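FYI, full-length UniProt numbering numbers position 10 of the sequence shown as 10, with every residue one higher than the one before it.
A virtual CB, placed ideally from N, CA and C, is assigned to each residue, including glycine.
The structure displayed is predicted, hence computed values, not measured ones.
Data first, discussion second: the structure below is written as C-alpha cells.
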Amino acid sequence: MSWHIFQTMRREATENDGVLHVDHPTAAASSPASVLGALDMEPRRVNDLLDSFFSYAHVKNPILDETATRKMVSTTIMNGIDWSAESCLSLLIFALGSIATPFGPSHETMPGTLAHANAQSFFQAAQKRLGILLSSDDIIAAQCLFLSGVYMMCIFQPVKAWRYFVQALASCQQLPFLTPESQQRYHNYVESGNELHNYSIDTLQQAIYWSAWKSEREMRGDLYLPDFSLSDKELAFYPPFFPTPPAPRAEVEAASDPRLARERTSWYFYLSEISLRRLASRISAEMVGLQKEHPTRQAYLAALAEAVPQYEEQARGWIASLTPGLSFNEPPEQDDVCRFVLRGHAINLFENIYWPFVTASPANSPPPSLPFVTRGCLYPRSGFIQSGVTNNWGKRSGGDPLPPSIAECRS
C-alpha cells in the first residue's frame, strides 16, 4: 500500500472505515403493531414476502425446507404473531423478504424507503423474541440467529452480523448430527451411495451448521477481532463433510414447480461454493507449507512457481465441473447473484495464487515467476456490490480493479 498509485484507494478506505464500527442506537425500537396487523389483512403480502425471501435471500444459503416453512409461516399468521420460535423465524423471513431484490441496483429498498422501514420493524420485533431462544437446543434457534446475521449484512453491519454468526455456530454444537456416531453413519452413507428421500433432519442440521460455520469464518477473516484471530492451522481447516442435499426430484416435477427448480439451483450453488472454498483452503495451506520449507523469498517463489500450474489446473477443473446454470461460459454481464458470487470467489482464488509474485521485488523474483506477475496484474477482475450475500460488502479483495497504470506489472 506504500505505492503511490494506491494512496487514493487508501484514503477512500479510511473514509469508509465506519462500516466496521458498531453503531449505538439512540432510541428504543417501537413495536411494529401496524406492520404486523397489515399481514393479517393482506395474505397476498405474506406470499409476496415469502416469494421474495426464497427467490433472492434463501437461495444463497438454503437452510430451510421451503414447503414446510411456507406452511409454518401461514399457520403462524393465521394463529397470530406470539412469542414462539415460529413467530421469531417468520418475522425474520418477513424482514429479509422486505429488502431482498433481484440482483442489481435496489433503490427501492434503501434506507428511507417504506420497504426498509418495514424490514426494520419486522427485524426489531424478531429480536424481542430471539432472547427466549438462546437457551434452546432446537434447530430453529440456530436458524433464527443465522438469519439475523444475514439481515445485518444486508444493512452493512458486519460486526453485528459476525456476532450473530458466532451465536448461530455455537447453537449448532448441540445438533445430533455432529456426534461421532452420526458422523460415522454419514460416512457410511456416502460410501454406500444410498440416497435420502426429500428433506431429512440431517439435511437441515448440516445446512445451518455449514452456513453458520463458513459465514463466521469469512467475517472473522475480514474484521479486526483481537481475541478471534485465525492461525495458519485454522485457515487450512474445513469440516470433513459436505452437507447432504435433498434427494433429487423427478425432472418433470422439478420443471413444472418453480420451488423445486429454485431448490435445485440453490443447492448446486451452495455445494459449488463450499467445494471451491475447500479447494482454496487446501491451496493456501500448501502455499504456507512451501513458505516454511523455503526460508528465503527467492527460494519460496521458485518452489511456488513449480506448483502454480497444478493449482491452476485444480481451479480450472472446478470451473469445468459447474452445472449449466452456474457455468462461467456466459458473459459476466448476464450473471445472476449465484454465478456472480462464484465467479468472484474464483477470481479471488487466482489472485491469491499469483499475489506472492506480484508483491515481490522484481530484483528478487526468479525468472520462472515473471509470467505469474503478469497474470496477477491482468487477470480479469469484477466489481462487487451489495447483494445480500454474507461476504459481499464494501470493498473486498475481489472488489476493485487494479489501476491500469501499474507499469511495474507490465514491464
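Terminal residues of the continuous alpha helix (DSSP H) containing residue i?
i      : result
Ala100 : That residue, Ala100, is in no alpha helix (DSSP H); it is neither H nor E in DSSP.
Ala57  : From DSSP, Ala57 is part of no alpha helix (DSSP H); its letter is neither H nor E.
Pro309 : 297-320
Ile81  : Looking at the DSSP string, Ile81 is not in any alpha helix (DSSP H), and its letter there is neither H nor E.
Glu286 : 258-293
Leu342 : 337-359
Pro158 : 158-172
Which of the three DSSP states is assigned to residue i in this structure?
i           : result
Trp213      : helix
Thr113      : coil
Gln205      : helix
Ile139      : helix
Tyr224      : coil
Asp65       : coil
Ser229      : coil
Glu15       : Note that Glu15 scores a pLDDT of 48, beneath 50, so its modelled location is shaky; the value from the coordinates is reported in the next line. In this structure, Glu15 counts as helix in the three-state DSSP scheme.
Glu333      : helix
Leu130      : helix
Glu42       : coil
Asn118      : helix
Pro239      : coil
Phe123      : helix
Glu195      : Here Glu195 scores only 48 on pLDDT, less than 50, and its place in the model should not be relied on; the value that follows carries that caveat. The answer is coil: DSSP assigns Glu195 none of H, G, I, E or B.
Lys71       : helix
Ile93       : helix
Phe146      : helix
Ser87       : helix
residue 426 : Because the chain in this structure spans residues 1 to 411, residue 426 falls outside the shown range and cannot be described.
Thr76       : helix
Ser52       : helix
Leu326      : helix
Let me check understanding here. Comparing Cα to Cα, which of the options lies closest to residue i?
i           : options                        : result
Ala168      : Pro158, Ala115, Gly149         : Gly149
Met72       : Ala85, Lys60, Asn61, Thr203    : Ala85
Val337      : Ser55, Asn47, Arg45            : Ser55
Pro77       : Leu290, Arg45, His58           : A small fix is needed here, since residue 77 is Ile in this sequence, not Pro. Here the closest residue by C-alpha is Arg45.
Arg264      : Glu66, Asp48, Glu42, Leu50     : Glu66
Val288      : Gly131, Thr75, Arg343, Asn352  : Asn352
residue 412 : Arg220, Leu134, Ile139, His345 : Here the chain comprises residues numbered 1 to 411, so residue 412 is not present and cannot be evaluated.
Ser281      : Gln298, Ile81, Tyr311          : Tyr311
Pro43       : Leu64, Lys60, Arg70, Ala57     : Arg70
Phe103      : Leu349, Val358, Trp355, Glu333 : Glu333
Leu279      : Trp162, Tyr164, Pro239         : Pro239
residue 479 : Leu147, Leu64, Phe146, Leu49   : Residue 479 falls outside the range modelled here, since the chain spans only 1 to 411, and no answer is possible.
Pro62       : Tyr354, Gln206, Phe177, Asn47  : Gln206
Leu178      : Val166, Trp162, Ile155, Asp202 : Asp202
Leu175      : His58, Ala142, Arg259, Glu293  : Ala142
Ser87       : Asp48, Leu114, Lys60, Leu130   : Leu130
Thr75       : Asn47, Ala57, Glu293, Pro356   : Asn47
Ala170      : Leu133, Ala117, Met152         : Leu133
Phe156      : Phe146, Pro111, Ala125         : Pro111
Arg297      : Ile347, Phe340, Val358         : Val358
Gly344      : Arg277, Ala57, Asp257          : Arg277
Ala126      : Leu114, Ala115, His116, Leu145 : Leu145
Leu304      : Leu290, Pro295, Glu216         : Leu290
Arg262      : Trp213, Val59, Asp137, Asn329  : Val59
Trp355      : Asp335, Leu301, Phe340, Glu306 : Leu301
- [ ] State whether the region 77-95 contacts the region 320-327, with contact taken as three or more CB pairs (one from each stretch) at a distance under 8 Å.
- [x] no
Open item on the list: Under 8 Å: do the region 119-138 and the region 92-111 share three or more Cβ pairs, one atom per stretch?
Closed with: yes
Task: the region 304-319 / the region 264-281 touching (three or more Cβ pairs under 8 Å) - done: yes
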